[in-house]
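In what follows, a single structure is set out as structure tokens and then discussed.
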Ligand SMILES: [Zn+2]
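In the working numbering, the protein residues as written are 504 to 742.
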């Protein structure tokens, strides 16, 4: 993929957050990376989504130096960069303050896997980070936001659970590219919403059994997956 194509894809992924109701005003940001060129393309800071053009997106290197464009990158760029460095197989990162996922983050609760919708996408609970400590907030706050996410994955597979909740802040999701990251952010919000309703209906609702969880996850992911079509469908054709 050329950098021009990456710009188009990252723009489209950012607009997915708007189309799916995950963002208000200029909240949220999606980025994508060219691993070949070590270039990250990210939404600029504070530009309304309905005015965004591909050329407005900001290109930066992995140290956060802006390579092209005269707009400032999203202030969350350092968080994205930490994730790209720690998770070598991801190609996109999406962040929003979507209402239900953010509510779980504010409650400082992981999202338990209460059903097969969750199990299809996240092989385990969606983790919550520790509440950031004063020194983590005072200095390099956005970078430390990335580090507290990465710490949650010391013993977890970031590809099998492609999202995390930052305590008192909100969700970050990722995927093989920017579109997949936005897609996972949208699914995360749906899962968070259903989990909220489930726990409201029954405070003692239990996570699904391992067998059902594994069945749903592994029929979509990995070597023995059999869900969907062998030919990659164009995402616009639906699943
Ligand atoms: Zn945020």
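Beta carbons are placed, not taken as given, at the ideal position from N, Cα and C, and that holds for glycine. Keep in mind the model is a prediction, meaning the values are calculated, not measured.
Point to revise | Per DSSP, the bridge partner or partners of residue 536 | key: What you label residue 536 is simply residue 33 of the chain shown in a count that begins at 1. Among the bridge pairs identified by DSSP, residue 536 is matched with 543.
Review point. Considering only residues of the same chain and omitting the five flanking positions on each side of residue 652, which have a CB-CB separation below 7 angstroms?
Key: Within the chain shown, residue 652 is the residue found at index 149, counting from 1. Within the same chain, residue 652 has close Cβ partners 586, 632, 667, 669 and 675.
**Study point:** Secondary structure of residue 569, DSSP reduced to three states
**Key:** The count along the chain shown starts at 1 and reaches residue 569 at position 66. Residue 569: strand per DSSP, three-state reduction.
Point to revise | Cβ neighbour criterion (16 or more within 10 Å) applied to residue 510 | key: For the purposes of this step, residue 510 is identified with residue 7 of the chain shown, where counting begins at 1. The residue in question, residue 510, is buried, as its Cβ has 16 or more Cβ neighbours within 10 Å.
Check your understanding: Are the beta-carbon atoms of residue 595 and residue 534 separated by less than 8 angstroms?
Key -> For the purposes of this step, residue 595 is taken as the residue at position 92 of the chain shown. For the purposes of this step, residue 534 is taken as the residue at position 31 of the chain shown. Taking 8 angstroms as the Cβ cut-off, residue 595 and residue 534 qualify as a contacting pair.
Check your understanding: In three-state terms, what does DSSP make of residue 518?
Key -> Taking the first residue of the chain shown as position 1, residue 518 is located at position 15. When secondary structure is reduced to three states using DSSP, residue 518 falls in the helix class.
Practice item. Look up residue 712 in the DSSP assignment and say whether it is helix, strand or coil. Key: Counting from one through the chain shown, the residue named residue 712 turns up at place 209. For residue 712, the three-state secondary structure derived from DSSP is coil.
Practice item. Verify whether the separation of the beta carbon atoms of residue 567 and residue 580 is less than 8 angstroms. Key: As a working note, residue 567 is residue 64 in the chain shown. As a working note, residue 580 is residue 77 in the chain shown. In contact: residue 567 and residue 580 (Cβ atoms closer than 8 angstroms).
Practice item. Kindly provide the chain-ordered list of residues whose Cβ lies closer than 7 angstroms to any non-hydrogen atom of ligand 1. Key: This selection yields 579, 598, 600, 672 and 673.
Check your understanding: In the DSSP assignment, what are the bridge partners of residue 631?
Key -> Taking the chain shown and counting its residues from 1, the one referred to as residue 631 is at position 128. Answer is 668, bridged to residue 631.
Exercise for review: Would you check if the region 679–687 and the region 591–611 touch, i.e. whether three or more CB-CB distances between them fall below 8 angstroms?
Suggested key: Taking a contact to require three or more Cβ pairs closer than 8 angstroms, the region 591–611 and the region 679–687 qualify as touching.
Practice item. For residue 722, I'd like the list of residues in its chain whose CB is within less than 8 angstroms of its CB, leaving aside the five on either flank, ordered along the chain. Key: Residue numbering aside, residue 722 sits at position 219 when the chain shown is read from its first letter. Closer than 8 angstroms at Cβ, skipping near neighbours: 728, 729 and 730.
Review point. Quick one: Cα of residue 521 to Cα of residue 527, how far?
Key: The residue you call residue 521 lines up with position 18 of the chain shown. The residue you call residue 527 lines up with position 24 of the chain shown. Rounded to the nearest angstrom, the gap between the Cα atoms of residue 521 and residue 527 is 8 angstroms.
Exercise for review: Inspect the beta-carbon positions of residue 525 and residue 692 and report whether they are closer than 8 angstroms.
Suggested key: In the chain shown, the residue the question calls residue 525 occupies position 22. In the chain shown, the residue the question calls residue 692 occupies position 189. Residue 525 places its beta carbon less than 8 angstroms from that of residue 692.
Practice item. Go to residue 626, then tell me how far its beta strand (DSSP E) extends in each direction, as first and last residue. Key: Along the chain shown, read from residue 1 onward, the residue named residue 626 stands at position 123. Segment: none, residue 626 is in no beta strand (DSSP E) and carries neither H nor E.
**Study point:** For residue 700, the first and last residue of its enclosing alpha helix (DSSP H)
**Key:** Residue mapping note: residue 700 aligns to position 197 of the chain shown, counting from 1. For residue 700, the enclosing alpha helix (DSSP H) covers residues 681–704.
Exercise for review: Could you tell me which of 583, 698 and 615 sits nearest to residue 664, measuring between CA atoms?
Suggested key: Here residue 664 refers to the residue found at position 161 of the chain shown. Put simply, of 583, 698 and 615 the residue whose alpha carbon is nearest the alpha carbon of residue 664 is 615.
Point to revise | Segment contact flag, the region 702–722 with the region 632–645, C-beta cutoff 8 angstroms, min 3 pairs | key: Judged by Cβ distances under 8 angstroms, the region 702–722 makes no contact with the region 632–645, as fewer than three pairs qualify.
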